[in-house]
Amino acid sequence: MALIVILLCFGVGGGIIGKSKGSSFFLWFLISFCVPFIGVLTTAVYRSDRDELRRECAGCGRILMLHDAICTRCGTEQDFPEVAIAPESQSRRRVPASVDPAG
Ligand SMILES: [Zn+2]
-10 MALIVILLCF GVGGGIIGKS KGSSFFLWFL ISFCVPFIGV LTTAVYRSDR
40 DELRRECAGC GRILMLHDAI CTRCGTEQDF PEVAIAPESQ SRRRVPASVD
90 PAG
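Residue 87 in our numbering sits at position 98 of the sequence shown, with consecutive numbering throughout.
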């Protein structure tokens, strides 16, 4: 019985996180409820990935996360860019890298 309560807590938690991202509360509730730990983890990754500032590789133009130091395709080391690409969760426009994405 205690397990059910724990699973419900995971489900509600995942649902709230998913809903805060504009996704379906019920969908993420189901995911988190069925696979509690993995579901919450997936929700967190899904969230952070889409909110992450991105940048273009100087060598091959591949879109990388801003925090990536080395391109995963061509291996070029990345300097901190002057411009970053807006997170996937926003429109695809260039913003100054110094701007706090949370602000
Ligand atoms: Zn590259």
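Ideal placement from N, C-alpha and C gives every residue a C-beta, glycine not left out. No experiment lies behind these values; they were computed from the predicted model shown.
CA-CA distance, lysine 8 and glutamate 77?
-> 17 Å
What is the residue span of the beta strand (DSSP E) that leucine 53 lies within?
-> For leucine 53, the enclosing beta strand (DSSP E) stretches over residues 52 to 54.
Mapping DSSP to helix, strand and coil, what is alanine -9?
-> Under the three-state reduction of DSSP output, alanine -9 falls in the helix class.
Hey, leucine 53 and arginine 39: beta-carbon distance below 9 Å or not?
-> no
Assigned secondary structure, arginine 39 (DSSP; H/G/I helix, E/B strand, else coil) | helix
Taking 6 Å as the limit, tell me which residues put their C-beta closer than that to any heavy atom of ligand 1, in chain order.
-> Cys46, Gly48, Cys49, Arg51, Cys60, Arg62, Cys63 and Thr65
Inter-residue spacing [alpha-carbon to alpha-carbon] between valine 72 and leucine -4 | 43 Å
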